[in-house]
Amino acid sequence: MVHVLSSRVLLSPTDPEQSRVFYGESLGLPVYREFGTGPERGTVYFLGGGFLEVSGRSAAPPSPALRLWLQVADVQAAYEELSARGVDVERPPVREPWGLVEMWLPDPDGVRIAVVEVPADHPLRSRP
Numbered sequence: 003m004v005h006v007l008s009s010r011v012l013l014s015p016t017d018p019e020q021s022r023v024f025y026g027e028s029l030g031l032p033v034y035r036e037f038g039t040g041p042e043r044g045t046v047y048f049l050g051g052g053f054l055e056v057s058g059r060s061a062a063p064p065s066p067a068l069r070l071w072l073q074v075a076d077v078q079a080a081y082e083e084l085s086a087r088g089v090d091v092e093r094p095p096v097r098e099p100w101g102l103v104e105m106w107l108p109d110p111d112g113v114r115i116a117v118v119e120v121p122a123d124h125p126l127r128s129r130p
């Protein structure tokens, strides 16, 4: 078995500065570390139990198969905060048939981001 010590999603956006503004300022993700210099420098954001590294530059947007799942304590509060910051929310919070409350928004390259609340009565919160 591979013993994983840490993990992160690596994202090479088409416009690194626009993506740094989106993740760092619009979403307000805290910076874990930065490295390199210039417009394609790396910025690693803290995502609760993982990290998102925005570095380099890509000629094309990431695959539509790439999506991010960000769990928050209160998705309605996140919706209000992000809307006030001018973030484009594709779909406001909705309680899904599977019990999670989900809001969806795109990053500057169209990467779909699910902002999710796990309600207190959801099975993910129970321990056998």
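Numbered by my numbering, the letters in the sequence shown go through residues 3 to 130 in order. Every residue gets a Cβ at the ideal spot worked out from N, C-alpha and C, and that includes glycine.
Within the segment 10 to 36, the alpha helix (DSSP H) runs of at least 4 residues that lie entirely inside it are, in chain order, 18 to 22. With a 10 Å radius around the Cβ and a threshold of 16 neighbouring Cβ atoms, Phe37 comes out exposed. Uninterrupted beta strand (DSSP E) stretches at least 3 residues long and entirely within the segment 79 to 124 occur at 93 to 97, 103 to 108, 114 to 119, given in chain order.
Taking Ala67 as reference, the option from Pro108, Val120, Asp17 with the minimal CA-CA separation is Pro108. Collapsing the DSSP output to three states places Leu68 in coil. Close CB contacts of Ala116 within its chain, under the 8 Å cut and outside five residues either way in sequence, are with Arg69, Leu70, Trp71, Leu72, Glu104, Met105, Trp106 (chain order). In the three-state reduction of the DSSP assignment, Leu49 falls in the coil class.
Under the three-state reduction of DSSP output, Val77 falls in the helix class. By the neighbour-count criterion, in which 16 or more other beta carbons inside 10 Å mark a residue as buried, Ser9 falls on the exposed side.
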